[in-house]
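Below: the structure, in structure tokens.
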Amino acid sequence: MKNRIFCPQDTKLKDYLLAINAVKKIPVYKLEELCVKYAACADEKKREKMRPEIIEQNLKQVISIAAGYRGAGLTFASLIGAGNKALIDCVINLTPDETENISAYIAWCIEGGVIDSIVNAKKVIDKNGRV
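Numbering-wise (this note's numbering), the sequence shown opens with residue 2 and increments by one.
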């Protein structure tokens with residue numbers, strides 16, 4: 002049986018996964034230092050320069066969390082999209098108080114975004130009475 006990710010209609014998802022694997026991983030302690038600097042920085046231009054690196058370093062975490070919710074009513078690509086949106090919102094709204102255990106906080110935000118998207122999809126199905 003073919004893996005669903007490598008089906009022809011999922012070529013964009015396959016390309017996305019390959020691009021994420023190409024991102025060079027940095028050690029966790031450096032990511033935490035970067036997040037602390039980001040949260041403490043008051044200059045919005047400096048924050049915008051640091052933001053993409055923090056987001057890129059957590060994209061694999063989005064995929065691993067989204068993979069846990071496969072079969073919950075949304076496609077894998079939709080789950081990844083919801084997780085990415087939650088990750089971006091989390092990083093944009095990061096404050097110095099939330100940098101204590103940054104990896105857990107980011108994972109919590111991603112999982113919350115994925116669960117919210119599943120719940121919202123279920124509400125739409127229940128209201129209309131059809132898929």
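Yeah, the Cβ is synthetic: ideal placement off N, Cα and C, and Gly gets one too. Being a predicted model, the structure only gives us computed values, none of them experimental.
For proline 97, the secondary structure class from DSSP, reduced to helix, strand or coil, is helix. Separation of aspartate 98 and alanine 68 (C-alpha to C-alpha, rounded to the nearest whole angstrom) is 29 Å.
The shortest CA-to-CA distance from glutamate 34 to any of Lys61, Ile66, Ile103 and Lys13 is the one to Ile103. Where alanine 67 is concerned, the enclosing alpha helix (DSSP H) starts and stops at 60 to 68. Between isoleucine 66 and glycine 84, the CB-CB gap stays under 8 Å. Taking C-beta atoms as the reference points, glutamine 58 and isoleucine 27 count as a pair closer than 8 Å. With a contact defined as Cβ atoms closer than 8 Å, isoleucine 116 and cysteine 91 miss out at about 14 Å. If you compare the alpha carbons of Ile55, Tyr17 and Ala122 with that of tyrosine 30, the shortest gap goes to Ile55. Residues of the same chain with a CB within less than 6 Å of the CB of alanine 78, apart from the 5 flanking positions on each side, are Leu14 in chain order. Annotation: isoleucine 111 to methionine 51 spans about 19 Å, alpha carbon to alpha carbon.
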